[in-house]
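Numbers 13 to 345, taken from the numbering used here, label the letters of the sequence shown in order. Single-structure report; data block below.
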Amino acid sequence: MDFGLVLQTDPPASQVISLMKRAERNGFRYGWTFDSAVLWQEPFVIYSQILANTRQLTIGPMVTNPGTRTWEVTASTFATLNDMYGNRTVCGIGRGDSAMRVAGRAPNTLARLGEAIEVIRDLAEGREAEVDGKPLRIPWIKDGKLPVWMAAYGPKALALAGQKADGFILQLADPYLTEWMIKAVRQAAAEAGRDPASVTICVAAPAYVGEDLAHARDQCRWFGGMVGNHVADLVSRYGEHSSMVPEELTEYVKARQGYDYSHHGRAGNPSADFVPDEIVDRFCLLGPAGAHIDKLRALRDLGVDQFALYDMHDAREATIDAYGADVIPALRA
């Protein structure tokens with residue numbers, strides 16, 4: 013199992029770079045950041061410095077979207093980083109939550125997302141693609157490589173990930189829901205004539221190593237609120253008791269009263285006060301290192317290839333170090 017570190021690009025950028033360097037020293041192989049232009053600093057500028065200050069870390073957004081940048085700009089940006097640092101980027105992409113809504117726009121449609129996945133990958137790898145009806149190719153790209161991993165929850169999005177994406181990003185760490193969603197992605201891949209095993213599976217969730225479970229829950233409760241944004245979209249689309257979406261995912265958002273993006277992804281987010289302890293425990297990894305190891309082994313047995321650790325709480329360095337000392341070695345043994 014691979015491990016990734018997920019951060020927000022809060023200033024100063026030097027701290028983001030320092031944490032990524034620390035992660036690489038502790039055995040993490042991927043570095044991810046949020047991508048919302050209004051809420052945080054521009055990630056691609058920071059990626060250049062992360063790549064320059066690490067040796068093997070693969071870097072990318074968790075996640076970008078097809079709406080905040082034109083597709084040829086996104087592709088050229090990735091390709092430029094790859095040309096400078098040797099194909100060490102990955103494009104995590106989704107419909108767009110905070111990046112779009114904070115700017116007053118609706119998330120992208122799945123049709124637009126599916127088209128963007130193929131166009132961005134083709135352009136970044138030097139192939140011709142059609143953008144707004146015009147064929148384009150970036151002529152200076154040689155031997156470019158850009159895996160595109162798609163974030164998804166609902167049945168149509170899971171199907172699209174299986175049909176077109178190189179990887180699937182699931183932003184929660186509940187084994188029951190993980191099994192259900194991996195099955196949906198792999199089934200869609202097989203029906204599209206692809207090898208289901210070729211789709212990399214990445215589970216992303218907060219992790220907090222320590223004995224004080226109550227404190228860990230409070231530091232990670234924000235995640236249930238963030239996931240609730242996507243679940244609320246599913247409920248509005250499919251209904252409260254739809255057979256297409258597991259009740260285990262939708263039940264807890266009934267108490268949701270709205271969401272303030274100014275606290276997005278942050279410990280103490282008041283918009284996450286509706287999230288019960290049970291959901292925090294199911295969606296996150298909490299407790300001593302042994303509890304993390306047990307849950308990650310269960311996820312690995314379900315087919316998870318990477319765990320990406322959201323590190324937005326008051327023990328960022330300690331959690332990275334604990335994973336490096338105890339968790340990562342146990343999962344790679």
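Just so it is clear, CB atoms sit at the ideal spot from N, CA and C, and this is done for glycine as well.
Per the DSSP calculation, residue 14 is bridged to which residue(s)? 318
Determine the contact status of residue 102 and residue 79, defining contact as a CB-CB distance below 7 Å. no
Given 8 Å, three or more beta-carbon pairs between the region 145-154 and the region 170-184: no
How many Å lie between residue 305 and residue 129 at the Cα? 33 Å
Among 325, 228 and 344, the one whose alpha carbon lies nearest that of residue 20: 325
If you check the beta carbons only, do residue 85 and residue 106 fall under 7 Å apart? no
Can you say whether residue 48 is buried or exposed, counting buried as having 16 or more other CB atoms within 10 angstroms of its CB? buried
Drop a sphere of 10 angstroms on the beta-carbon of residue 97, count the other beta-carbons inside from all chains shown, and report buried for 16 or more, exposed for fewer. buried
Which partner residues does residue 299 have in the DSSP bridge list? 221
Range of the contiguous alpha helix (DSSP H) that encloses residue 169: 167-176
Could you give the distance in angstroms between the alpha-carbon of residue 104 and the alpha-carbon of residue 160? 6 Å
Nearest to residue 46 (by Cα), restricted to the options 246, 321, 258 and 145: 321
Just to confirm the assignment: which complete beta strand (DSSP E) runs, minimum length 3, are found wholly within the region 123-200? 141-143, 146-148, 160-163 and 179-182
Spatial neighbours of residue 265 in its chain, beta-carbon cut-off 6 Å, leaving aside the 5 residues before and after: 240, 243 and 244
Segments assigned beta strand (DSSP E), at least 3 residues, entirely inside the region 26-81: 42-45 and 70-73
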